[in-house]
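A short write-up of the structure that comes next.
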Amino acid sequence: MDLQNKKLSEEQFFKIREEILTHWPTGKDVDLTEAVEYLKKVPDEKNFAKKLRKAKEEGVTLAQPRAGVALISEHIKLLNYLEEEGGADLLPSTIDSYTRQNRYNECQVGIDESIKAGRSLLNGFPAVNHGVKGCREVYESIKNPIQARHGTPDARLLSEIITASGWTSNEGGGISYNIPYAKSVSMERTIRDWQYCDRLTGWYQEQGIELNREPFGPLTGTLVPPSISNTVAILEALLAAEQGVKNITVGYGQCGNIIQDVAAIRALEEQTEEYLKRFGYNDVFVTTVFHQWMGGFPADEAKAFGVISLGAATAAMAGATKVIVKTPHEALGIPTMEANAQGIRDTKMTLNMLRGQRMPMSKELEMEIRIIKAETKCMLDSVYEVGKGDFARGTVEAFKLGIVDIPFAPSKYNAGKMMPARDNQGAVRYLMPGNLPFTQDLIDFNKEKLMERGRFENRDVTFQMTVDDIFAVGKGNLIGRPE
Ligand SMILES: CCC[C@H]1O[C@@H](n2cnc3c(N)ncnc32)[C@H](O)[C@@H]1O
4 MDLQNKKLSE EQFFKIREEI LTHWPTGKDV DLTEAVEYLK KVPDEKNFAK KLRKAKEEGV
64 TLAQPRAGVA LISEHIKLLN YLEEEGGADL LPSTIDSYTR QNRYNECQVG IDESIKAGRS
124 LLNGFPAVNH GVKGCREVYE SIKNPIQARH GTPDARLLSE IITASGWTSN EGGGISYNIP
184 YAKSVSMERT IRDWQYCDRL TGWYQEQGIE LNREPFGPLT GTLVPPSISN TVAILEALLA
244 AEQGVKNITV GYGQCGNIIQ DVAAIRALEE QTEEYLKRFG YNDVFVTTVF HQWMGGFPAD
304 EAKAFGVISL GAATAAMAGA TKVIVKTPHE ALGIPTMEAN AQGIRDTKMT LNMLRGQRMP
364 MSKELEMEIR IIKAETKCML DSVYEVGKGD FARGTVEAFK LGIVDIPFAP SKYNAGKMMP
424 ARDNQGAVRY LMPGNLPFTQ DLIDFNKEKL MERGRFENRD VTFQMTVDDI FAVGKGNLIG
484 RPE
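Residue numbers for the sequence shown follow our numbering, so the first one is 4 and each next one is one higher.
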C-alpha cells in the first residue's frame, strides 16, 4: 500500500487534476487562476469559513438546512425562500444521488426530464452537470454562504467545480463519505481521493482564500455511539490538516440523551484540537456542527417539531457552532420548500430563546465527557499503532481489523461486529464491542449501563433492545421499551 498521510506536492496534485477535469465536459471550465480572483471577491458575510469564525467568537449557534433540486432557477428560488422565509444563516446545496456516484449521464437525463415534467426529478442539485457557470449563478443569487453537502466517495470533480463557483465549504471525507454511502469502494481509494479534495482546499488556502471543510459527522445516523463518530471526525480532521486545510467543522449526530449529546460536542471540540496540536497542526480553526436526529422520524408533523426542537435545544446547550436542521416532512421524503422553512423557523426560535445559555458542568456531564474521550483515545491510539504512525494507512488497517466499526454500514470494508443499544436513560452504549480496542473498565462500564436497563425492563440485554431502539423515535419515544 503506497498510501501515505503526506501532503500532496503541487506536481502530484496538478497531475491528478488533469485527468479529473476530463470526467465531464464542465470540467474544462475550471480555471484555478481565474477562480482565485473570483473567490477574492467573496465578501466576508458570504464566506462560510469566516461566518463560522464570527459565530464561534460570538458564542452563537447558526442554523443550516439541507436542500437541493434539479434545475438552477428552482434551486435559487428554494434557497432564497429558505434564507428569507426560513431565516437560514448558512445555505446548502444538497447534491443528488447520481452525482454522488459520478453518474453524470443520468444526471443529464434527470435534468432534461425535470424540465419536461416541470418539477424536480432528482433528489438534489446536480452541480457537476450545471458546471461553474450554473453554480456561480446560484452563488450570485443568494445572500448567505453556501456549502456542498453530499455523500460522494469520489468528489474530486465536484469539489473543483463548486469551489471555483464561490461555494466556500465542502462536506465529506474519505471515511464518512465511504462507509455509510458505498458498498464496495475501498477505504484506500476514498482516503486517497479525499486527500485530493483536501489538497484542493489547501491550495486555495495557500492563495489566501479561506475555505471550510466539514467531515460528515453522523455516519449511518443509526445509534452511532459518540466515540465512534468522534473518532472518525478526528481522523478526517487530521488527514485534512495534513493537506493544508485550516478551517474545519467536526460534526456529531444527535443520539437523544441530552447529557450524552452535550458531552459528545464538548469532547469532540476538545479532542479534535488536542490531536491537531499533538501532531503539529497548530493553526487550524475548529468549529462544531450538531445534526438534529438522523434516525427515523414520526410522521405526525407536530411530533416531528418536537424532535426538531429538542435537537435545536441540545445544540444550543452544547454550544455547537452550527446545527443542521430537519423538517416536519422527514418521515415522508424530500421536504417541500415550506416545510423546510418551518424546520428552520422552529430551530431559530429555540436557538433565540436559549441564546447565551449553556448546560453547566455536572458530575454526570463530566463522566460522559470522560467516557467518550477515553473510548475515542483507545481507538485513535490503536489506529496510530496499526498504521505505524501513519493515520491514512492506520485507518485502512483499522477498518479491516474492526478497530473502528460503524454500526449498520453498507460497506463491505466495515467489520460490522460492533452493536449499540440505549441504556436506561437513553444514552447510546456498546452492547457488543466487537473488535474495538477498549480497556476492560470501559467494556464493563457499557455492560453495566445496559444491565441496569435490563433489570428495569425485566428482560435480558440482547440485540432486541437495539431493534426496539431503532424504531422508538418513529413511534414517539426515545428508548424502545418492551411493548
Ligand atoms: C445525510 C443526510 C440525510 C438527510 O438529508 C435530507 N435530504 C436529502 N436530500 C434532501 C433534499 N434534496 N432536500 C432536503 N433535504 C434532503 C434527508 O431528508 C435526511 O434528513
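Ideal placement from N, C-alpha and C gives every residue a C-beta, glycine not left out.
{"Item": "From Asn-343, Leu-93 and Glu-333, residue whose alpha carbon lies closest to that of Leu-81", "Value": "Asn-343"}
{"Item": "Option in Arg-122, Phe-282, Ala-334 and Gly-322 with minimal Cα separation from Asp-303", "Value": "Ala-334"}
{"Item": "Near ligand 1: Thr-166 beta-carbon under 7 Å from a heavy atom", "Value": "no"}
{"Item": "C-beta contact flag for Ala-475 and Leu-453 at 8 Å", "Value": "no"}
{"Item": "Buried/exposed call for Gln-345, threshold 16 Cβ in 10 Å", "Value": "buried"}
{"Item": "Per DSSP, the bridge partner or partners of Asn-215", "Value": "Ser-172"}
{"Item": "Rounded separation between Met-336 and Gln-467 - CA only", "Value": "The question names Met, but residue 336 is Gly in the sequence shown. Distance between the alpha carbons of Gly-336 and Gln-467: 27 Å."}
{"Item": "Thr-350 Cβ short of 7 Å to ligand 1 heavy atom set", "Value": "no"}
{"Item": "Pro-229, enclosing alpha helix (DSSP H) - first and last residue", "Value": "229-245"}
{"Item": "heavy atom of ligand 1 below 7 Å from Arg-69 C-beta", "Value": "yes"}
{"Item": "Reference Glu-451, options Lys-43, Asp-286 and Met-435, closest by Cα", "Value": "Met-435"}
{"Item": "Touching by the beta-carbon criterion (3+ pairs, under 8 Å), the segment 360-369 and the segment 106-115", "Value": "no"}
{"Item": "Gly-220 beta carbon near ligand 1 (any heavy atom closer than 7 Å)", "Value": "no"}
{"Item": "Beta-carbon proximity check, Gly-220 vs Tyr-255, cutoff 8 Å", "Value": "yes"}
{"Item": "Spatial neighbours of Lys-420 in its chain, beta-carbon cut-off 8 Å, leaving aside the 5 residues before and after", "Value": "Gly-405, Asp-408, Met-435, Gly-437 and Asn-438"}
{"Item": "Gln-150: first and last residue of the uninterrupted beta strand (DSSP E) it sits in", "Value": "149-152"}
{"Item": "Outcome for Pro-218 when other beta-carbon atoms lying within 10 angstroms are tallied against a minimum of 16", "Value": "buried"}
{"Item": "heavy atom of ligand 1 below 7 Å from Gly-259 C-beta", "Value": "no"}
{"Item": "Asp-472 versus Gly-134 - alpha carbon distance", "Value": "43 Å"}
{"Item": "Where Ser-187 falls, given that 16 or more other Cβ within 10 Å makes a residue buried", "Value": "exposed"}
{"Item": "CB contact flag (Arg-152, Ile-98, <8 Å)", "Value": "yes"}
{"Item": "Cutoff 7 Å; reference Ala-130; Cβ partners in own chain excluding five residues on either side", "Value": "Ser-96, Ile-98, Thr-102, Cys-138, Ala-151, Leu-161, Ile-164 and Ile-165"}
{"Item": "In DSSP terms, what Gln-67 is bridged to", "Value": "Ile-327"}
{"Item": "The alpha helix (DSSP H) enclosing Thr-317, as first and last residue numbers", "Value": "304-321"}
{"Item": "Contact under 8 Å by Cβ, Ala-307 with Pro-338", "Value": "no"}
{"Item": "Candidates Arg-122, Ala-240 and Leu-125, of which the one nearest Ile-178 by Cα", "Value": "Ala-240"}
{"Item": "Three-pair Cβ contact test at 8 Å for the segment 390-398 versus the segment 229-243", "Value": "yes"}
{"Item": "Backbone CA spacing between Lys-380 and Ala-418 [nearest angstrom]", "Value": "20 Å"}
{"Item": "Strand pairing of Met-435, partner residues [DSSP]", "Value": "Met-422"}
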